[in-house]
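Chains as they are written, first to last, in my numbering: chain A, 128 to 337; chain B, 128 to 337. Heads up, the thing below is written out as structure tokens.
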DNA sequence: CATAATATGTAGCTTATGCAACAGAAAAAA
DNA sequence: TTTTTTCTGTTGCATAAGCTACATATTATG
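What follows is the structure, given as structure tokens:
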């Protein structure tokens with residue numbers, strides 16, 4: 128999170144008595160939402176982990192984004208332009224808040240504080256999203272699988288402030304996130320271990336360089 | 128452009144008497160700006176074409192974004208997180224308007240209409256940027272050079288409403304934009320011609336499928 | 001205009017990556 | 001618990017894509 132505003136601080140205060148928000152719970156594997164044109168949904172992941180997944184015509188699966196607690200998603204942040212399917216899948220038990228953007232940005236007639244504070248901070252939250260997207264682009268423009276892995280590890284390491292961390296994604300999902308073949312990625316991971324660049328115990332990564 | 132607001136409509140009215148904006152002209156090849164942390168510049172390309180270019184530690188050059196008339200850019204849309212150099216290079220004679228985001232978002236004390244209208248429409252403009260970035264991500268997640276080319280052509284074709292169009296980038300730049308090797312891209316382009324998928328006369332592309 | 005600089009187009013060789021297939025480990029479901 | 005499913009780890013093979021080099025075309029520049 129780059130902005131000063133943090134949803135978490137008042138997630139516990141969440142008592143929305145306005146009818147603009149809908150709160151739902153999903154179990155692992157369920158589809159939280161499918162992106163459709165002209166709806167402009169804005170969702171907040173209050174609890175759990177989820178993936179925005181795209182299936183293209185060649186059958187390739189791409190993890191477009193990985194969401195953890197307090198992440199924002201929905202059509203507001205991804206205008207549907209192509210005819211590929213875009214699904215948000217729950218990776219664990221999830222609690223999600225649903226808004227419609229056009230309603231959210233108007234002041235709440237019920238004086239709902241959560242609603243109003245969220246609307247007020249929307250511009251910064253959207254700018255944070257832009258930063259995330261640019262980071263993702265930087266990751267995807269890495270030319271080799273090795274460079275993609277190293278940059279990905281470096282990003283997580285910086286975020287966690289530690290050279291040791293658990294992968295937030297399974298290796299299968301990581302391959303789909305980096306847009307590379309899984310077995311090729313596994314091979315590269317082995318080479319990175321042989322070159323003493325990283326160590327790996329289960330899903331725990333240890334960066335050895337620098 | 129997805130939003131209803133279009134800068135072009137009042138670009139001609141531009142007569143900013145507030146001291147918040149700076150207007151400058153650049154000739155081809157000049158550096159318009161270098162992205163630096165914590166400045167939050169917002170720039171509008173009033174005239175010309177420019178590229179946001181990144182040079183990484185391996186010497187790879189990536190065209191992160193290509194800007195044409197009325198495009199918005201600057202640190203507002205790209206928080207500098209890594210230590211790669213980010214430059215905006217003029218590809219032709221350019222006229223650029225510079226703002227600092229924090230000043231822009233406040234109402235103009237000089238009653239400058241351009242300033243105020245721009246500030247008012249900023250949220251939509253930023254959401255448009257998000258759409259662009261997502262499109263770019265979709266492009267970069269294409270697994271093969273062929274698929275990248277076909278998707279890129281398809282995007283331009285949709286934008287121009289025509290199966291025939293001039294490439295907005297040179298082929299050398301296109302390779303850096305798609306994050307592939309230029310010679311490999313040329314080879315694939317030749318194969319696409321042989322397969323009667325596209326035709327190509329100079330920098331003019333003709334889509335033959337469907 | 002001449003000359004320099006940059007872009008395009010092509011080829012040979014090498015390597016990285018995708019694909020298919022499978023075995024064992026781990027996790028989920030019955 | 002047992003069974004089923006999903007994930008991890010690995011290999012051989014085929015091929016896409018990177019790298020180098022160079023010739024020609026096109027575009028800038030003095």
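We put the beta carbon where it would ideally sit given N, CA and C, even for glycine. On a predicted model such as this, the values are computed, not experimentally measured, just so you know.
The residues 266 and 269, in chain order, have a CB closer than 6 Å to that of residue 278 of chain A in the same chain once the five nearest residues on each side in sequence are set aside. With contact defined as three or more Cβ pairs closer than 8 Å, the region 181 to 192 of chain A and the region 224 to 236 of chain A are not in contact.
Residues of the region 204 to 218 of chain B whose Cβ lies closer than 9 Å to any Cβ of chain A, in chain order: 204, 205, 206, 208, 209 and 211. Neighbours of residue 275 of chain A across chain B, judged by C-beta separation under 9 Å, do not exist; the nearest C-beta is about 11 Å away.
In the assembly as shown, residue 201 of chain A is a buried residue. Its beta-carbon has 16 or more other beta-carbons within 10 Å.
Cβ contact annotation for residue 148 of chain B (same chain, cutoff 6 Å, sequence separation greater than five): 224 and 226, in chain order. Ranked by how close their Cα comes to the Cα of residue 156 of chain A, the residues A/168, A/174, A/199 and A/221 have A/221 in first place. Taking a C-beta distance under 8 Å as the contact criterion, residue 260 of chain A and residue 260 of chain B qualify as a contact pair. For residue 151 of chain B, the enclosing beta strand (DSSP E) stretches over residues 149 to 153.
Shown here for residue 166 of chain A: same chain residues with a beta carbon closer than 8 Å to its own, the five before and five after excluded, namely 202 and 227 in chain order. Check the Cα spacing between residue 272 of chain A and each of A/321, A/307, A/291 and A/284: the tightest is with A/307.
Under the 10 Å beta carbon count, residue 304 of chain A is surrounded by 16 or more other beta carbons and is classified as buried.
Put simply, the CB of residue 260 of chain A is near chain B, with a gap under 8 Å to one of its CB atoms. Excluding residues up to 5 positions away in sequence, 280, 284, 290 and 325 lie with their Cβ nearer than 7 Å to the Cβ of residue 334 of chain A in the same chain. The DSSP assignment places complete alpha helix (DSSP H) segments of no fewer than 4 residues inside the region 207 to 249 of chain A at 228 to 231, in order along the chain.
If you draw a 10 Å sphere on the C-beta of residue 275 of chain A, you find 16 or more other C-beta atoms in it, and that means buried.
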